[in-house]
Amino acid sequence: MLEHDVVIVGGGLAGCRAALEIVRTDPSINLAMVAKTHPIRSHSVAAQGGIAATLKNVDDQDSWEAHAFDTVKGSDYLADQDAVELLTREAPEVVIDLEHLGVLFSRLEDGRVAQRAFGGHSHKRTCYAADKTGHAILHELYNNILQYGVSVYDEWYALRLILEDNQAKGVVMYRLLDGELQVLRAKAVMFATGGYGRVFNTTSNDFASTGDGLSLAAMEGVPLEDMEFVQFHPTGLYPAGVLISEAVRGEGAYLINSQGDRFMAAYAPKQMELAPRDITSRAITTEIRASRGIQLDGQAGGPFVHLDLRHMGREKIMSRVPFCWEEAHRLAGVDAVHQPIPVRPTVHYSMGGIPVNIEGQVRSGAEGLIDNFFAAGECACVSVHGANRLGSNSLLECVVYGRRTGATIARYVQNQKLPEVDEQQYLQAAKDRLQKLLDQSGEYRIDQIRQQLQDCMAEHCGVFRTDEIITEGLTQFKALRDQYPQIRLDDPGKVWNTELIEALELQSLMVVGEVIMTGALQRRESRGAHSREDFPGRDDQNFLQHTLAYYSPAGIDLQYMPVTITLFEPQERKY
Ligand SMILES: Cc1cc2nc3c(=O)[nH]c(=O)nc-3n(C[C@H](O)[C@H](O)[C@H](O)COP(=O)(O)OP(=O)(O)OC[C@H]3O[C@@H](n4cnc5c(N)ncnc54)[C@H](O)[C@@H]3O)c2cc1C
0 MLEHDVVIVG GGLAGCRAAL EIVRTDPSIN LAMVAKTHPI RSHSVAAQGG
50 IAATLKNVDD QDSWEAHAFD TVKGSDYLAD QDAVELLTRE APEVVIDLEH
100 LGVLFSRLED GRVAQRAFGG HSHKRTCYAA DKTGHAILHE LYNNILQYGV
150 SVYDEWYALR LILEDNQAKG VVMYRLLDGE LQVLRAKAVM FATGGYGRVF
200 NTTSNDFAST GDGLSLAAME GVPLEDMEFV QFHPTGLYPA GVLISEAVRG
250 EGAYLINSQG DRFMAAYAPK QMELAPRDIT SRAITTEIRA SRGIQLDGQA
300 GGPFVHLDLR HMGREKIMSR VPFCWEEAHR LAGVDAVHQP IPVRPTVHYS
350 MGGIPVNIEG QVRSGAEGLI DNFFAAGECA CVSVHGANRL GSNSLLECVV
400 YGRRTGATIA RYVQNQKLPE VDEQQYLQAA KDRLQKLLDQ SGEYRIDQIR
450 QQLQDCMAEH CGVFRTDEII TEGLTQFKAL RDQYPQIRLD DPGKVWNTEL
500 IEALELQSLM VVGEVIMTGA LQRRESRGAH SREDFPGRDD QNFLQHTLAY
550 YSPAGIDLQY MPVTITLFEP QERKY
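Note that numbering that gives the first Met the number 0 numbers the sequence shown so that position 405 is 404, with each residue one more than the last.
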């Protein structure tokens with residue numbers, strides 16, 4: 000059995016920042032990082048637009064209070080305000096710390112870190128490295144932790160969380176290279192496993208964003224919080240769905256419909272293209288539904304709208320958003336200096352996740368914690384984003400709460416002993432599970448079921464939802480789930496059996512998808528990214544609370560948890 004003081008599952012921004020904090024605090028802590036990709040291939044590396052912090056380099060009227068207010072208003076008042084206060088107060092410090100670690104931020108003429116406008120933010124506060132911010136930060140963090148001798152298990156897949164008697168004890172993991180199984184026990188287990196964009200058919204997320212951490216936790220009885228809030232990013236490139244960063248609108252691009260109008264004037268007259276993402280995604284979807292979308296031949300009635308950068312000029316496009324230009328050119332054959340980019344909403348971010356307190360400790364319910372279990376980043380819900388995240392607040396969350404959780408863990412493990420784990424029992428259970436999958440001789444293929452499941456989620460739990468549509472979706476979804484025991488794999492081997500991993504990931508998609516739909520069905524109101532056409536208003540009386548979903552194969556039990564309101568009383572949200 001492998002033994003470490005701490006195991007972090009996930010090598011993205013949240014995992015790496017937590018790791019750095021742990022080894023910086025106490026270099027004698029024996030730390031393992033497990034990741035199914037190489038850490039620098041985590042989805043964080045694809046983050047584009049930037050990281051928010053009130054450095055006041057461009058706008059000296061900015062303040063953490065303004066950042067906190069924008070975040071809470073953006074969240075449609077569902078964010079926990081104590082968590083938002085920490086996020087926004089600590090932001091300048093963590094960004095300067097990143098700069099000291101070596102992150103190459105873009106600069107102003109006078110050499111200070113540059114800052115740009117972003118949706119829902121009332122001041123220019125987003126720091127960036129052109130439109131490759133995640134790349135710049137993740138590489139530098141990873142370089143830094145390597146210097147401390149962290150044990151990195153890259154391309155190992157965590158397939159089970161060991162949780163007994165309300166105590167996390169470790170993970171069971173599988174090496175992609177040769178199929179080796181191992182039990183790893185630790186005094187503290189942290190999940191930083193990222194999001195679940197792949198539950199849907201059109202997403203900006205990478206192929207590894209399958210919600211494994213959420214599913215592993217849920218299968219051991221850990222609740223998942225606010226999972227019905229799925230962020231649709233307004234500007235996914237049509238048809239691929241990859242992201243065209245909000246930075247493009249932050250730098251001045253327009254959204255245009257088939258009539259040539261900047262239609263955001265009808266939806267958010269003050270903020271226009273820089274309204275928050277939920278509002279902008281609904282606006283685009285409404286335009287497309289009303290036949291004011293555009294077709295590939297330029298006619299009206301098509302499935303996308305235009306993102307027009309032409310007035311920005313070549314120099315600004317190539318210096319501020321070069322990667323977006325390249326993506327549009329490579330994947331859609333569009334030269335954005337001369338042509339508008341076809342865009343439509345794409346699934347982008349998970350507001351919900353594994354519930355944690357502001358120290359990163361996982362909650363067992365509205366009251367109470369799970370021993371030795373921590374989470375941060377996109378897989379966690381602390382909740383700073385509530386019902387809708389503002390752009391450039393997620394990288395910030397990974398860094399602020401990665402650091403806080405790392406600090407908590409470094410203190411926590413000082414008085415802990417390694418837990419008792421029955422290694423053989425866990426190894427045998429994992430072996431049996433994998434062998435069963437390999438032996439199945441059913442009629443279904445993984446990609447068939449996955450595609451149907453992703454289509455079902457997109458159709459039945461999209462930008463606009465109703466009772467009828469979600470109920471029908473859940474029925475279809477359960478029928479697909481019942482086909483899982485009849486999937487057939489082609490590869491019986493041990494070496495790089497990616498098909499086996501896809502089968503495990505499909506199970507994650509199924510658990511997460513069902514939790515999302517069940518939460519969405521029960522939340523009979525419209526708040527942030529969750530928009531119910533049959534309940535169009537926000538209902539603070541009944542639903543100003545967090546959903547906690549307890550998964551079991553027999554069904555999902557929903558409970559609710561109060562929202563922490565300390566700074567700003569809920570008001571109507573207008574932009
Ligand atoms: C295209 C794109 C652009 C974005 N741009 C921005 C931006 O400009 N600003 C911003 O604030 N936010 C942005 N976001 C959101 C932000 O990048 C993410 O929310 C954040 O990076 C998530 O980091 P993380 O550390 O939580 O997870 P990730 O970076 O997703 O890392 C997850 C890790 O978990 C590992 N893992 C998962 N499952 C398993 C398993 N079963 N076993 C072992 N390992 C596992 C993976 O290998 C990986 O190492 C963007 C997102 C996308 C998709």
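Just so you know, even glycine gets a beta-carbon here, dropped at the ideal spot from N, CA and C. All figures in this text were calculated on a predicted structure; none of them were measured in a lab.
Ligand 1 heavy atoms versus the CB of residue i: any closer than 7 Å?
i: L140; result: no
i: H347; result: yes
i: S105; result: no
i: C397; result: yes
i: S41; result: yes
i: S391; result: yes
i: K435; result: no
i: W155; result: yes
i: N496; result: no
i: L543; result: no
i: L97; result: no
i: D211; result: yes
i: V510; result: no
i: K35; result: yes
i: I50; result: yes
i: S530; result: no
i: A78; result: no
i: E377; result: yes
i: A46; result: yes
i: V198; result: no
i: T192; result: yes
i: G249; result: no
i: L368; result: no
Considering only C-alpha positions, which residue in the set the options is nearest to residue i?
i: M516; options: N496, S208, T546 and D538; result: T546
i: E84; options: W63, L236, L137 and E92; result: W63
i: I445; options: L566, L505 and G220; result: L505
i: A216; options: E108, A17, A191 and Y237; result: A191
i: G352; options: L520, A51 and S214; result: S214
i: H458; options: V112, H3, V346 and D177; result: Note on residue identity: the sequence assigns Glu, not His, to residue 458. Taking only the C-alpha atoms, the option nearest E458 is V346.
i: S530; options: T563, G461, K493 and Q558; result: G461
i: Y141; options: R197, S280, P38 and H122; result: P38
i: G332; options: A299, L97, G301 and P238; result: P238
i: R313; options: E250, M350 and M263; result: E250
i: L158; options: A282, L175, L100 and E272; result: L175
i: E40; options: V514, V383, G193 and L436; result: Here residue 40 is Arg; the residue named in the question, Glu, does not match the sequence. If we check each option's Cα against that of R40, G193 comes out closest.
i: T285; options: P275, R319 and Y266; result: Y266
i: V198; options: M456, G301, V71 and R343; result: M456
i: G367; options: E419, I7, I448 and Q166; result: Q166
i: L508; options: E532, G210 and D225; result: G210
i: K131; options: Y147, I283, F104 and K123; result: F104
i: R449; options: D466, Q424 and E498; result: E498
i: Y156; options: I136, N143 and L183; result: L183
i: T279; options: I50, F463 and L12; result: F463
i: A252; options: I144, P222, S525 and P341; result: P341
i: L97; options: R88, A135, N387 and L162; result: A135
i: G512; options: E442, F373 and Q475; result: Q475
How should residue i be labelled, buried or exposed, when 16 other C-beta atoms within 10 angstroms of its C-beta is the threshold for buried?
i: Q453; result: buried
i: N541; result: exposed
i: P339; result: buried
i: K573; result: exposed
i: S203; result: buried
i: V112; result: buried
i: L288; result: For the record, residue 288 in the displayed sequence is Arg; it is not Leu. Classification of R288: exposed, given that the 10 Å Cβ count is below 16.
i: T565; result: exposed
i: G169; result: buried
i: H232; result: buried
i: N414; result: exposed
Can you round the beta-carbon distance between residue i and residue j to whole angstroms, since I take them to be within the 8 Å contact cut?
i: R309; j: H337; result: 7 Å
i: A116; j: L273; result: 6 Å
i: L137; j: P91; result: The Cβ separation is near 20 Å, so there is no contact.
i: M0; j: V412; result: Incorrect: roughly 18 Å between the Cβ atoms, too far for contact.
Taking the DSSP output, what are the residues bridged to residue i?
i: C378; result: According to DSSP, C378 bridges with nothing at all.
i: R197; result: R197 pairs with nothing; no bridge assigned.
i: E20; result: None, per the DSSP bridge assignment.
i: S349; result: V229
i: C126; result: I50 and Q114
i: H235; result: What sits at residue 235 in the sequence shown is Gly, not His. Beta-bridge pairing links G235 to L242 and R343.
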